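**Student:** Under full-length UniProt numbering, the residue at position 269 of the sequence shown is numbered 269, and the numbers go up by one with no gaps.
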Amino acid sequence: MARALRSSGASGTASTPTPPATNGTATRARALKRKRTGDDDHSPNPAPKRDETDSASPLTELAPSPAVKDEADDLEPSNGDEHVPNASDSPAAAGDDTASTPAAPLPRSPTPGAFVDACDQPPSADDAHKLLAVLEMFDTQSLLARHVPPAEISLRAMLKNSTHSIRSLKAAITTLAPTQPHTRARLSLEQTAQRSFCDLALGLLEEISQKQPASKDRTSIFQLSTEYKQKSEDDTKPTRYALQQTIYGTDYYTSISSDSLTPEKAATLVTGQASLTAIVPATSIPVSAMPNLGSYIRKPAPPQSLWYNQQGHTAMGITELSYGSRCSFGPTYDSSGSTITRSEVDGLVARRMKASKAFGPHLLFHPLPRPTETQK
1 MARALRSSGA
11 SGTASTPTPP
21 ATNGTATRAR
31 ALKRKRTGDD
41 DHSPNPAPKR
51 DETDSASPLT
61 ELAPSPAVKD
71 EADDLEPSNG
81 DEHVPNASDS
91 PAAAGDDTAS
101 TPAAPLPRSP
111 TPGAFVDACD
121 QPPSADDAHK
131 LLAVLEMFDT
141 QSLLARHVPP
151 AEISLRAMLK
161 NSTHSIRSLK
171 AAITTLAPTQ
181 PHTRARLSLE
191 QTAQRSFCDL
201 ALGLLEEISQ
211 KQPASKDRTS
221 IFQLSTEYKQ
231 KSEDDTKPTR
241 YALQQTIYGT
251 DYYTSISSDS
261 LTPEKAATLV
271 TGQASLTAIV
281 PATSIPVSAM
291 PNLGSYIRKP
301 APPQSLWYNQ
311 QGHTAMGITE
321 LSYGSRCSFG
331 PTYDSSGSTI
341 TRSEVDGLVA
351 RRMKASKAFG
361 PHLLFHPLPR
371 PTETQK
């Protein structure tokens, strides 16, 4: 009783902190946890399974982190009763039925037609006949009789039948080219002849393709306009004439006629003792004999080499030191057969230069005394 009164009187003056309410289940879980930890360290048996319905467990009281929560939301499968958005949820679809239809794709640019090149056209019968005649002259290995893969017929039959395009002819000739195991391997004589035959055929086909009429969709540097072709055909240079007369074995020519002199007027021209000669523009000398630009350039003279480079090596039994341009005499040998060194030569040259500055140049021969008048 006194203890109860004392506690009631103290409660009015000071507040005593009330301990939190404890749950017997939580205390039991903590004790079991400590016990299981101790048992796991000393016993090989697994720890008993913890009751998952324990609401007072410390793990259940902790809130999951945002990262774990987001990961759980991503892994959670969607239920069938969830609302799936569709086109009818949009406000535009509720008012207008045409908005629910899918939008039409954007119009694309029209697909260009097939590009028709000059190689897609067959050569003319005349060109094919000329090409076959040229290849027959250089076919030493019967390559024209071999069957080629694109048409499974011989190249001779393809050229005789002018329905094959130039492109197919090029492909057929390419298959006839020799194959080598290594790119840097040397070709044999037969392979070299085969390669030259294929190169000749491809070059002639390329010339034929350039003469083919181009397609309307073709753009090429070899394509010429019709106006330019007509102008080049009509703009032919007229033939010019001159009068030629031989006097005392020497030919003399008059000046070249103008463009207005036609062949009909030249035939009725009175030439007298001279004769009418057509002037054909041509070079007076062959192109190989004409001087080029390099012939007008004077080649520089070779640089003068040093004196000791121009001297030949002499075969001697003893070693000879090369002194270069520093002295004008060879090595001096004494009775013992030794040679002087470069330092001795430098000292000798220095002494001579010093003496020449002081006393003048040293004379090799003393001048003979001139006879005086008394001696005469």
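Virtual Cβ for every residue (Gly too), placed ideally from N, Cα, C. All values derive from a computational prediction rather than experimental measurement.
1. Below 8 Å on the Cβ atoms is my guess for residue 143 versus residue 197; work out the distance and round it to an integer in Å.
2. Can you tell me whether residue 290 is buried or exposed? The criterion is at least 16 other CB atoms within 10 Å of its CB, across all chains shown.
3. Tell whether a beta-carbon distance below 8 Å holds between residue 160 and residue 202.
4. Given residue 242, which residues of its chain have a CB within under 6 Å of its CB, disregarding the five upstream and five downstream residues?
5. Using alpha carbons as the reference points, say which of 173, 191 and 174 lies closest to residue 180.
6. Please report how far the alpha carbon of residue 224 lies from the alpha carbon of residue 206, in whole angstroms.
7. Smallest Cα separation from residue 148: which of 158, 292 and 355?
8. Alpha carbon to alpha carbon, how far is residue 293 from residue 300? Give it in angstroms, no decimals.
9. So what does DSSP say about residue 358, is it helix, strand or coil?
10. Would you grab the beta carbon distance between residue 162 and residue 121 for me? Rounded to a whole angstrom, and I think it's under 8 Å.
11. How about residue 187 and residue 173: do their beta carbons lie closer than 8 Å?
12. One question on the structure: do residue 185 and residue 141 come within less than 8 Å of each other, judged by their Cβ atoms?
13. With a cut-off of 8 Å on the beta carbons, I'd call residue 244 and residue 274 a contact; round off their distance for me.
14. Measure the CB-CB distance between residue 263 and residue 246 and report whether it falls below 8 Å.
15. How many whole angstroms separate the CB atoms of residue 204 and residue 270, which I take to be in contact at a CB cut-off of 8 Å?
16. Output the boundary residues of the beta strand (DSSP E) element that contains residue 242.
17. Can you tell me whether residue 297 is helix, strand or coil according to DSSP?
18. Let me check one thing: in DSSP terms, what residues is residue 277 bridge-paired to?
19. Please work out which residues of its chain come closer than 8 Å, Cβ to Cβ, to residue 146, disregarding the five sequence neighbours upstream and downstream, and give them in chain order.
20. Are the CB atoms of residue 126 and residue 208 within a distance shorter than 8 Å?
21. Using 8 Å as the threshold, is the C-beta distance between residue 138 and residue 200 below it?
22. Between residue 178 and the rest of its own chain, which residues show a CB-CB distance below 7 Å, the 5 nearest in sequence each way excluded?
23. Rounded to a whole number of angstroms, what is the C-alpha to C-alpha distance between residue 182 and residue 286?
24. Mapping the DSSP letters down to three states, classify residue 251 as helix, strand or coil.
25. Expressed to the nearest angstrom, what Euclidean distance is found between the alpha-carbon atoms of residue 357 and residue 350?
26. Apart from the five residues just before and just after residue 249, which ones in its own chain have a Cβ nearer than 6 Å to its Cβ?
27. Do you know offhand how far residue 210's Cα is from residue 296's?
28. Taking the beta carbon of residue 348 as the centre, do at least 16 other beta carbons fall within 10 Å, making it buried, or is it exposed?
29. Could you tell me the boundaries of the alpha helix (DSSP H) in which residue 120 lies?
30. DSSP on residue 154, reduced to helix/strand/coil?
31. If we ignore side chains and look at the alpha-carbon of each, how far apart do residue 342 and residue 288 end up?
32. How long is the line joining the alpha carbons of residue 119 and residue 212, rounded to whole angstroms?
**Tutor:** So, from the data block:
1. In the sequence shown, residue 143 corresponds to position 143, counting from 1. In the sequence shown, residue 197 corresponds to position 197, counting from 1. At roughly 6 Å, the Cβ-Cβ gap stays under 8 Å, so residue 143 and residue 197 are in contact.
2. Along the sequence shown, read from residue 1 onward, the residue named residue 290 stands at position 290. With a 10 Å radius around the Cβ and a threshold of 16 neighbouring Cβ atoms, residue 290 comes out exposed.
3. Counting from 1 along the sequence shown, the entry for residue 160 is found at position 160. Counting from 1 along the sequence shown, the entry for residue 202 is found at position 202. 8 Å or more divides the Cβ of residue 160 from the Cβ of residue 202.
4. For the purposes of this step, residue 242 is taken as residue 242 along the sequence shown, with counting starting at 1. Within the same chain, 253, 254, 256, 277 and 279 come within 6 Å of residue 242 by CB-CB distance, once the 5 residues on both sides are set aside.
5. Position 180 of the sequence shown, counting from 1, holds the residue named residue 180. Considering only 173, 191 and 174, the residue with the shortest C-alpha distance to residue 180 is 191.
6. Residue mapping note: residue 224 aligns to position 224 of the sequence shown, counting from 1. Residue mapping note: residue 206 aligns to position 206 of the sequence shown, counting from 1. Its pLDDT being 47, under 50, residue 224 is placed unreliably by the model, and the measurement read from it follows with that caveat. Approximately 17 Å between the Cα atoms of the pair.
7. Residue 148 sits at position 148 when you count from the first residue of the sequence shown. Selected option, being the one with the closest Cα: 158.
8. Position 300 of the sequence shown, counted from the first residue, corresponds to residue 300. Position 293 of the sequence shown, counted from the first residue, corresponds to residue 293. Within the model, the alpha-carbon separation for residue 300 versus residue 293 is close to 16 Å.
9. Indexing the sequence shown from 1 puts residue 358 at position 358. Residue state for residue 358 is assigned as helix, using DSSP reduced to three classes.
10. The residue labelled residue 162 in the question sits at position 162 within the sequence shown. The residue labelled residue 121 in the question sits at position 121 within the sequence shown. Contact between residue 162 and residue 121 is ruled out by a C-beta separation of about 10 Å, above the 8 Å threshold.
11. Residue mapping note: residue 187 aligns to position 187 of the sequence shown, counting from 1. Residue mapping note: residue 173 aligns to position 173 of the sequence shown, counting from 1. Result no, Cβ atoms of residue 187 and residue 173 do not sit closer than 8 Å.
12. Residue 185 sits at position 185 when you count from the first residue of the sequence shown. Residue 141 sits at position 141 when you count from the first residue of the sequence shown. In this structure, residue 141 does not lie closer than 8 Å to residue 185 by Cβ.
13. Counted from its first residue, the sequence shown places residue 244 at position 244. Counted from its first residue, the sequence shown places residue 274 at position 274. About 6 Å; that satisfies the 8 Å criterion.
14. For the purposes of this step, residue 263 is taken as the residue at position 263 of the sequence shown. For the purposes of this step, residue 246 is taken as the residue at position 246 of the sequence shown. Their beta carbons are not under 8 Å apart, which means residue 263 does not touch residue 246 by this criterion.
15. The residue given as residue 204 occupies position 204 in the sequence shown. The residue given as residue 270 occupies position 270 in the sequence shown. That belief does not hold up - the Cβ atoms of residue 204 and residue 270 are roughly 51 Å apart, past 8 Å.
16. Counting from one through the sequence shown, the residue named residue 242 turns up at place 242. Residue 242 -> beta strand (DSSP E) spans 240 to 247.
17. Translated into the one-based positions of the sequence shown, residue 297 becomes position 297. The three-state secondary structure of residue 297, taken from DSSP, is coil.
18. To locate residue 277, count along the sequence shown from 1; it is residue 277. For residue 277, which the question treats as bridged, DSSP gives the partners 242.
19. Residue mapping note: residue 146 aligns to position 146 of the sequence shown, counting from 1. Taking C-beta separations shorter than 8 Å and ignoring five residues to either side along the sequence, the partners of residue 146 in its chain run 154, 155 and 176, following chain order.
20. For the purposes of this step, residue 208 is taken as the residue at position 208 of the sequence shown. For the purposes of this step, residue 126 is taken as the residue at position 126 of the sequence shown. Result no, Cβ atoms of residue 208 and residue 126 do not sit closer than 8 Å.
21. Translated into positions along the sequence shown, residue 138 becomes position 138. Translated into positions along the sequence shown, residue 200 becomes position 200. Yes; because the gap between Cβ atoms is below 8 Å, this pair is in contact.
22. Here residue 178 refers to the residue found at position 178 when the sequence shown is read from its first residue. Closer than 7 Å at Cβ, skipping near neighbours: 187, 191, 194 and 195.
23. As a first step, residue 182 is located in the sequence shown; it is residue number 182 there, counting from the start. As a first step, residue 286 is located in the sequence shown; it is residue number 286 there, counting from the start. Rounded to the nearest angstrom, the two C-alpha atoms are 44 Å apart.
24. If you number the sequence shown from 1, residue 251 lands on position 251. In this structure, residue 251 counts as strand in the three-state DSSP scheme.
25. Against the sequence shown, residue 357 aligns to sequence position 357. Against the sequence shown, residue 350 aligns to sequence position 350. Between residue 357 and residue 350, the alpha-carbon positions lie close to 11 Å from each other.
26. Counting from one through the sequence shown, the residue named residue 249 turns up at place 249. Correct list: empty, nothing qualifies.
27. Position 210 of the sequence shown, counted from the first residue, corresponds to residue 210. Position 296 of the sequence shown, counted from the first residue, corresponds to residue 296. One C-alpha to the other measures close to 40 Å.
28. Counting from 1 along the sequence shown, the entry for residue 348 is found at position 348. The residue in question, residue 348, is exposed, as its Cβ has fewer than 16 Cβ neighbours within 10 Å.
29. For the purposes of this step, residue 120 is taken as the residue at position 120 of the sequence shown. For residue 120, there is no enclosing alpha helix (DSSP H), as DSSP marks it with neither H nor E.
30. Locating residue 154 in the sequence shown gives position 154, where the first residue counts as 1. Look at residue 154 here: in three-state DSSP terms it is strand.
31. The residue you call residue 342 lines up with position 342 of the sequence shown. The residue you call residue 288 lines up with position 288 of the sequence shown. Those two C-alpha atoms are separated by around 58 Å.
32. Walking along the sequence shown from the start, residue 119 turns up at place 119. Walking along the sequence shown from the start, residue 212 turns up at place 212. Between residue 119 and residue 212, the C-alpha separation is close to 8 Å.
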